[in-house]
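Visitor:
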DNA sequence: GGAAGCAAGACCAAAATGGTCGTAGATTGA
DNA sequence: TCAATCTACGACCATTTTGGTCTTGCTTCC
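Chains as they are written, first to last, in this note's numbering: chain A, 1347 to 1508; chain B, 1347 to 1508.
What follows is the structure in structure tokens.
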């Protein structure tokens, strides 16, 4: 259930990588103006991802405004904003598109017919909930050691009122 | 993002329908021993779902123990338990299988290599969170009018600790 | 000017999804 | 007991999505 595509996976990995590079670049000295940019090829090799595929994903993310690209020798991609300001939701939506949890919803919830699939209204809420959950997780959160992760994700905070 | 399959949609619709039938049957009089059973064809017609497809879905749900089936004339399917005791998570998992949010996880999180996709640990938490969310929503919740739905689903309760 | 890199679109193969068909077995009512 | 319903199940097929490749062109830097 609720699988996200490999492309989104790759995208998140790449962003995480770039976030780490940005930190390294910062540590190396701000005066050098190193933005932590890396070429698609570098990232692909680091994670054993098909380079051309990753390139396309990065292009998508750049078009979405999450990355900035720089062509030419020593070019590459870098985060457009701080890693803490990029949510995983944005990334996923940029790559996988604005898909909703239930099939028969486009933008205006116009199902095939009003009578059927009364299901979708409740599911829409679930969808919103997941959206806010993902929106609350930034790329920076991904770079942190697995130990002290965001707490709500453990599941305890999600409660249902009957 | 995070689309669930039409089959799961259909399954939820059918369960909702059966839940409503069970209530109706109960109101009609407990002495009649009406279990609210309905044939796959009836449900399919009610929602304009391909009958044969729905039949297969219902079979799956019956095998999963969520429904009880009865063959023969006037046979059909009915809820195996109270609608309040069947979570949407069970339904989705029964139909779509035990899929995880991130691609490279089976049961024991053995990714292709340790180094790559350090992403998946955080995502696993997201997965758990969604699981608990869905587990908290029962089929009975789906039958209620859309107004007073479970509160946490609105998103307010889901918070992230930084 | 040439190498390194992004940009973009056409294209393709494999897998998942949605749906159909046909047959067999159970149950009930006439 | 026979026919009408209904479930059970597996094979099968078409369409879409996904993952991935190839080609071509444009930028930038040395």
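Heads up, the beta-carbon is just placed ideally off N, CA and C, and yes, glycines get one too.
(1) Looking only at its chain, what residues have a beta carbon closer than 8 angstroms to the beta carbon of residue 1516/A, apart from the 5 residues adjacent to it on each side?
(2) What span of residues does the alpha helix (DSSP H) with residue 1365/A cover, start to end?
(3) Please report the distance separating the alpha-carbon of residue 1352/A from that of residue 1469/A.
(4) Using CA coordinates, which residue listed in 1480/B, 1445/B, 1473/B, 1364/B is at the minimum distance from residue 1471/A?
(5) Using 8 angstroms as the Cβ pair cut-off and three pairs as the minimum, do the segment 1355 to 1375 of chain B and the segment 1386 to 1404 of chain A touch?
(6) Measure the C-alpha to C-alpha separation of residue 1466/A and residue 1448/A and round it to an integer number of angstroms.
(7) Can you list, in chain order, the residues of its chain with a C-beta nearer than 7 angstroms to that of residue 1440/B? Leave out the 5 residues immediately preceding and following it.
(8) Note down, in chain order, every chain B residue with its Cβ under 8 angstroms from the Cβ of residue 1476/A.
(9) Got a sec: is the Cβ-Cβ distance from residue 1448/A to anything in chain B below 8 angstroms?
(10) Taking just the CA atoms, how far does residue 1348/A sit from residue 1421/A?
(11) Measuring only the C-alpha atoms, how far is residue 1442/A from residue 1487/B?
(12) Once DSSP output is grouped into helix, strand and coil, what is the label at residue 1384/A?
(13) So, does the CB of residue 1403/A fall closer than 8 angstroms to a CB anywhere in chain B?
(14) Excluding the 5 residues preceding and the 5 following residue 1445/A in the sequence, name in chain order all residues of the same chain whose CB lies nearer than 7 angstroms to its CB.
(15) For residue 1426/B, which option in 1419/B, 1404/B, 1350/B has the closest C-alpha, if you only look at C-alpha atoms?
(16) Quick one: which chain A residues come within Cβ less than 8 angstroms of residue 1400/B?
(17) Are the CB atoms of residue 1476/B and residue 1369/A nearer to each other than 8 angstroms?
(18) For residue 1386/A, I'd like the list of residues in its chain whose CB is within less than 6 angstroms of its CB, leaving aside the five on either flank, ordered along the chain.
(19) What are the residues in the segment 1348 to 1369 of chain B lying within 8 angstroms of chain A by C-beta distance?
(20) In the DSSP assignment, what residue or residues form a beta bridge with residue 1414/A?
(21) According to the neighbour-count rule (16 or more other Cβ atoms, all chains shown, within 10 Å of its Cβ), is residue 1372/A buried or exposed?
(22) Please determine, among 1356/A, 1489/A, 1350/A, 1482/A, the residue with the shortest C-alpha to C-alpha distance to residue 1397/A.
(23) Out of curiosity, what's the CA-to-CA distance linking residue 1417/A and residue 1423/A?
(24) Between residue 1365/A and residue 1478/B, what straight-line distance do the alpha-carbon atoms span, to the nearest angstrom?
(25) Please go through the same chain and pick out, in chain order, the residues whose beta-carbon is closer than 8 angstroms to the beta-carbon of residue 1437/B, but skip the five residues on each side of it.
(26) Give a yes or no on whether 8 angstroms exceeds the smallest Cβ distance from residue 1432/A to chain B.
(27) Going along chain B in order, which residues have a C-beta closer than 9 angstroms to the C-beta of residue 1389/A?
(28) Return the first residue and the last residue of the alpha helix (DSSP H) that residue 1481/B is part of.
(29) Sort 1383/B, 1389/B, 1350/B by Cα distance to residue 1414/B and report the nearest one.
Guide: Quick answer:
(1) Look at the range of chain A in this structure, 1347 to 1508, and you will see that residue 1516/A is not part of it.
(2) 1352 to 1374 is the span of the alpha helix (DSSP H), which, as asked, contains residue 1365/A.
(3) Distance between residue 1352/A and residue 1469/A, taken at the CA atoms: about 24 angstroms.
(4) Minimum Cα-Cα distance from residue 1471/A among the listed residues 1480/B, 1445/B, 1473/B, 1364/B corresponds to 1480/B.
(5) Segments in contact, no.
(6) The C-alpha of residue 1448/A is placed about 7 angstroms away from the C-alpha of residue 1466/A.
(7) Within the same chain, residue 1440/B has close Cβ partners 1406, 1407, 1410, 1412.
(8) The answer, in chain order, is 1348, 1476, 1479.
(9) Taking Cβ atoms only, chain B reaches closer than 8 angstroms to residue 1448/A, which makes this a yes.
(10) Note on geometry: alpha-carbon atoms of residue 1421/A and residue 1348/A lie some 36 angstroms from one another.
(11) Separation of residue 1442/A and residue 1487/B (C-alpha to C-alpha, rounded to the nearest whole angstrom) is 29 angstroms.
(12) Residue 1384/A: strand per DSSP, three-state reduction.
(13) With 8 angstroms as the cut-off, residue 1403/A does not count as an interface residue toward chain B.
(14) In its own chain, leaving out the 5 sequence neighbours on each side, no residue places its CB closer than 7 angstroms to the CB of residue 1445/A.
(15) Distance from the Cα of residue 1426/B is smallest, within the candidate group 1419/B, 1404/B, 1350/B, for 1404/B.
(16) Against chain A, a Cβ distance below 8 angstroms from residue 1400/B picks out nothing, because the smallest value is about 12 angstroms.
(17) Against a cut-off of 8 angstroms, the Cβ pair of residue 1369/A and residue 1476/B comes out as no contact.
(18) Here the set comprises 1400, 1401, 1404.
(19) Here the close residues are 1348, 1349, 1350, 1351, 1352, 1354, 1355, 1358, 1359, 1362.
(20) According to DSSP, residue 1414/A bridges with 1424/A.
(21) Exposed, by the Cβ-count rule.
(22) Measuring C-alpha to C-alpha distances from residue 1397/A to each of 1356/A, 1489/A, 1350/A, 1482/A identifies 1356/A as the nearest.
(23) The straight-line gap from Cα to Cα measures roughly 9 angstroms.
(24) Cα to Cα, the separation comes out at about 30 angstroms.
(25) Same-chain partners within the cutoff: 1354, 1357, 1358, 1361, 1407, 1412, 1485.
(26) For residue 1432/A, the answer is no, since every Cβ of chain B falls outside 8 angstroms of its Cβ.
(27) Simply none; closest approach about 11 angstroms.
(28) Segment 1466 to 1481, the alpha helix (DSSP H) holding residue 1481/B.
(29) For residue 1414/B, the nearest C-alpha among the options comes from 1383/B.
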